[in-house]
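Right, one structure below, let's go through it.
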Amino acid sequence: MASAVATTASSPQAYLRSLARWKPIEIAFWLATLLPFALVPNYLSLASQIAIAGLFALSLDLILGYAGIVSLGHAAFFGIGAYTAGIISKYGWGEPISGLMASAALAGLVGWTTSFIIARFRHLALIMLTLGFGLLLAELANSMSWLTGGVDGLQGIHTWDLLGLFHFDLYGFTAYAYSLTVLFILFIVARRLINSPFGLALRGIRENWIRMPAIGAPSRAHIRAIYTIAAAMAGTAGALLAQTTETVSLDSLSFERSAELLVMLVLGGAGRLYGGLVGAIIFMVARDQFSGTTPQYWYFWIGVLLVAVVTLLPNGILGGLSNIAARWRKT
Amino acid sequence: MTRPALLTRGLSKSFGSLVVARDIAISLPVGARYALIGPNGAGKTTLINLMTGMLAPDAGRIFLGDDDITNFDPRERVRRGLARTFQINTLFPGLTPLEAVTLAVCERRGISREFWRNIASHREAIDEAHDILSRLRLAEECYRPTRELPYGRQRLLEIALALATRPKVLLLDEPAAGVPPEESGEIFEVVAGLSDDLTLLFIEHDMHVVFRFASHIIVLVGGAIYTEGTPAEISAHPGVREVYLGTRRHG
Chain A
1 MASAVATTAS SPQAYLRSLA RWKPIEIAFW LATLLPFALV PNYLSLASQI
51 AIAGLFALSL DLILGYAGIV SLGHAAFFGI GAYTAGIISK YGWGEPISGL
101 MASAALAGLV GWTTSFIIAR FRHLALIMLT LGFGLLLAEL ANSMSWLTGG
151 VDGLQGIHTW DLLGLFHFDL YGFTAYAYSL TVLFILFIVA RRLINSPFGL
201 ALRGIRENWI RMPAIGAPSR AHIRAIYTIA AAMAGTAGAL LAQTTETVSL
251 DSLSFERSAE LLVMLVLGGA GRLYGGLVGA IIFMVARDQF SGTTPQYWYF
301 WIGVLLVAVV TLLPNGILGG LSNIAARWRK T
Chain B
1001 MTRPALLTRG LSKSFGSLVV ARDIAISLPV GARYALIGPN GAGKTTLINL
1051 MTGMLAPDAG RIFLGDDDIT NFDPRERVRR GLARTFQINT LFPGLTPLEA
1101 VTLAVCERRG ISREFWRNIA SHREAIDEAH DILSRLRLAE ECYRPTRELP
1151 YGRQRLLEIA LALATRPKVL LLDEPAAGVP PEESGEIFEV VAGLSDDLTL
1201 LFIEHDMHVV FRFASHIIVL VGGAIYTEGT PAEISAHPGV REVYLGTRRH
1251 G
């Protein structure tokens, strides 16, 4: 495994390269994402929503897990993406891929604009700022019901066939294939990004914000860049949801969605790319199962899980698993 | 007569009625090994914060070589060659020393915005980082997370990070703070072995160390320069003996 290589690395360059290498477990993970097609063909719609939630959590991980920016308003960008894709489609352009790009661009633009304020603050002030932006945008969408449909949601979305070939079927086959492909592509982008010099600088910001200027680093410029990228990625996730479900409701922008997202990421483990994906799987599957049996109490179980994970596994489920693996390797 | 590497003129700072720096004029010649001493609360760290731009002075100017840097932010001062270390470890606990120093090297080389190529492909930056770590006797431990390093190694990493910015002037705020006396010698040997082109100002409480490694000593009391001179002059100065050397210090 990588850490075993690390201690005996022949050169510092080889050591750093070994950290970025694809590990067998990663390949296994991505192969496993294909299993739903064969094993649970009746749950492909759920699988698609998990992939979308995973992408959304990945975008939060880039700012929270790597740059240490806690956001309670990340759903703002998800919602912007969802409404953009939905509105474009409603007014006659249902081509999914260009819709996705337009949504990403608009969410990224809003992210870039707000990043100038975001990059100036840390800690509690930052949490309140992101929360404030989120609430503000949700209320804006509510009041602009002529455009967004308000509390009734956006009606009349029709997504055209993917690449002109694949119809978005009722079983979610196309939806899952589409969501998973987009997730995988953007995951590779995120993975390259965090293994780059820029990614190292982001980890520097997370590890010690005060030291960064003392080594000549432009932390604020770095934060603006990653915040913009994360916003575009969240917008892409929102657009995927709008296109695959053909509805957009106000809760795509809601505080609850931002909070749930944070729960997913913390459950899985922030700062390790896969944490958001694992968290999304656990959260969405648990919600699907629990809400079938005890819909009114389902948050109770999420609460229990969250308390258990945070107290027992401070680095999330993946952090806990990697600790166990490290201990097992040593003995 | 060449220009000093670092010069301050009339540097003053107050927090309300508390004067922490009063009309401070310091001139560091190129390649100097200066010590800054004084009792607790004399304003030594404040002076470093003023010089590096972490605090804004109420009055006075700061020159780095020919440039007036008084209005530059800390990052710009670092880019122009003024680096510092911290009295309390200000490191990147979750990064390995190799990653941390490579990060600093990448920032200096202006490649820290590159987001597509793997860090491992920037071979010169990595080799430079490893070279700095080797010089500071950290090569063997450069693959362990910083938080797992022994405390004395972390103090050396403080210096390594500052060196990665290729400073002309390096301000060391108690480089051996908290290190047991038997290990502090090693840290100062490393400091003494740094390039002669590098101008050094260090804060230190242990007078044996100060007299051994400094060519010139500045005594700060109550935010003002009390006196300055060679180690021989300072040790013979009756006032210094009274305010500083006379009282046995701990820590």
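Protein chains in written order, with our numbering: chain A, 1 to 331; chain B, 1001 to 1251.
Where a beta carbon is used, it is the ideal one built from N, C-alpha and C, also for glycine.
Please read all numbers here as calculations on a predicted model, not as lab measurements.
ask   = Which residues in the same chain have their Cβ closer than 8 Å to the Cβ of valine 1191 of chain B, if we skip the five residues on either side of it in sequence?
value = So the qualifying residues of the chain are Ile1159, Leu1172, Pro1175, Leu1200, Phe1202 and Phe1213.
ask   = Just how far apart, CA to CA, sit isoleucine 317 of chain A and threonine 148 of chain A?
value = 38 Å
query = Any C-beta of chain B sitting closer than 9 Å to the C-beta of glycine 199 of chain A?
reply = yes
task = Please name the residues in the stretch 1113 to 1125 of chain B whose beta-carbon is closer than 7 Å to at least one beta-carbon of chain A, in chain order.
result = Arg1113, Glu1114, Phe1115, Trp1116, Arg1117, Asn1118, Ile1119, Ala1120, His1122 and Arg1123
request  = Note down the Cα distance separating leucine 170 of chain A from valine 40 of chain A, rounded to an integer number of angstroms.
outcome  = Approximately 14 Å, taken between the alpha carbons.
ask   = Should tyrosine 91 of chain A be labelled buried (16 or more other beta-carbon atoms within 10 Å of its own) or exposed?
value = exposed
inquiry  = Would you call the stretch 105 to 122 of chain A in contact with the stretch 165 to 179 of chain A, where contact means no fewer than 3 C-beta pairs closer than 8 Å?
reply    = no
ask   = Where DSSP assigns a beta bridge to valine 1221 of chain B, which residues make up the other side?
value = B/Ala1224
request  = Using a Cβ-Cβ cut-off of 9 Å, state whether isoleucine 223 of chain A counts as contacting chain B.
outcome  = It does not: the Cβ of isoleucine 223 of chain A has no partner Cβ on chain B nearer than 9 Å.
Closer than 9 Å to chain B by CB, glutamate 207 of chain A = yes
message = Counting only C-beta atoms, is serine 341 of chain A closer than 9 Å to chain B at any point?
response = Residue 341 of chain A cannot be examined here, being either before or after the span of chain A that is shown, 1 to 331.
Beta carbon of alanine 239 of chain A nearer than 9 Å to that of serine 103 of chain A = yes
ask   = Going along chain A in order, which residues have a C-beta closer than 7 Å to the C-beta of threonine 1165 of chain B?
value = Ile215 and Gly216
message = Going by DSSP in three states, tyrosine 1143 of chain B sits in which element: helix, strand or coil?
response = coil
task = Using only alpha-carbon positions, find the residue among A/Ser59, A/Ile25, A/Asn42 and A/Leu35 that is nearest to phenylalanine 187 of chain A.
result = A/Ser59
inquiry  = Distance cutoff 9 Å, beta carbons only. Does isoleucine 210 of chain A sit that close to anything in chain B?
reply    = yes
ask   = Which residue from B/Tyr1226, B/Val1179 and B/Ala1236 puts its Cα closest to that of alanine 1021 of chain B?
value = B/Tyr1226
message = Restricting to runs no shorter than 3 residues, where is the beta strand (DSSP E) found entirely within the stretch 1055 to 1114 of chain B?
response = List check, beta strand (DSSP E) in window: 1059 to 1064 and 1082 to 1084.
request  = Mind checking the stretch 1142 to 1157 of chain B against chain A and listing, in chain order, the residues whose C-beta falls within less than 8 Å of any C-beta there?
outcome  = Taking 8 Å as the Cβ-Cβ cut-off against chain A, the residues of the stretch 1142 to 1157 of chain B that qualify are Cys1142 and Tyr1143.
inquiry  = Does any residue of chain B have a CB that is nearer than 9 Å to the CB of methionine 1 of chain A?
reply    = Note that methionine 1 of chain A scores a pLDDT of 38, beneath 50, so its modelled location is shaky and nothing firm can be said.
request  = Could you have a look at lysine 1044 of chain B and say whether DSSP puts it in helix, strand or coil?
outcome  = helix
inquiry  = Short of 8 Å Cβ to Cβ, which residues in the stretch 1072 to 1089 of chain B face chain A?
reply    = Asp1073, Pro1074, Arg1075, Val1078, Arg1079, Ala1083, Arg1084 and Phe1086
query = In whole angstroms, what is the alpha-carbon distance linking glycine 65 of chain A and leucine 140 of chain A?
reply = 29 Å
query = Secondary structure at methionine 1 of chain A, three-state DSSP: helix, strand or coil?
reply = Caution applies to methionine 1 of chain A, whose pLDDT of 38 falls short of 50 and renders its modelled position unreliable; the model cannot decide the point.
key: Residues near glycine 320 of chain A by beta carbon distance below 7 Å, same chain, minus five either side   = Leu313
task = Starting from the C-beta of glutamate 1228 of chain B, find all residues in its chain whose C-beta is less than 6 Å away, skip the five residues before and the five after it, and write them out in chain order.
result = Excluding residues within five positions, the ones whose Cβ falls inside 6 Å are Ile1218.
ask   = Expressed to the nearest angstrom, what Euclidean distance is found between the alpha-carbon atoms of tryptophan 22 of chain A and isoleucine 63 of chain A?
value = Straight across, the Cα-Cα distance linking tryptophan 22 of chain A with isoleucine 63 of chain A is about 22 Å.
Closer than 8 Å: glycine 156 of chain A CB and nearest the ligand SAM heavy atom = By its list of ligands, the structure shown contains no ligand whatsoever, and the ligand SAM lies outside what it can speak to.
query = Is the CB of leucine 163 of chain A under 9 Å away from at least one CB in chain B?
reply = It does not: the Cβ of leucine 163 of chain A has no partner Cβ on chain B nearer than 9 Å.
query = Applying a beta-carbon distance threshold of less than 8 Å, which residues of chain A neighbour phenylalanine 1092 of chain B?
reply = Residues of chain A whose Cβ lies closer than 8 Å to the Cβ of phenylalanine 1092 of chain B are, in chain order, Arg203, Gly204, Glu207, Asn208 and Arg211.
task = State the DSSP-derived secondary structure class of valine 1019 of chain B, mapped to helix, strand or coil.
result = It is a strand residue.
inquiry  = Which of the three DSSP states is assigned to aspartate 1127 of chain B in this structure?
reply    = Note: aspartate 1127 of chain B maps to helix in three-state DSSP.
task = Quick one: measure Cβ to Cβ for aspartate 61 of chain A and alanine 270 of chain A, integer angstroms, because I've assumed they're closer than 8 Å.
result = 6 Å
request  = Below 7 Å CB to CB, which residues in the same chain sit around glycine 276 of chain A once its five sequence neighbours on both sides are set aside?
outcome  = Gly54, Ala57, Leu58, Leu60, Asp61, Met264, Leu265 and Gly268
task = Using the Cα positions of tyrosine 1143 of chain B and threonine 244 of chain A, report the straight-line distance between them to the nearest angstrom.
result = The alpha-carbon atoms of tyrosine 1143 of chain B and threonine 244 of chain A are separated by roughly 45 Å.
query = Do you know offhand how far phenylalanine 1211 of chain B's Cα is from aspartate 1131 of chain B's?
reply = 30 Å
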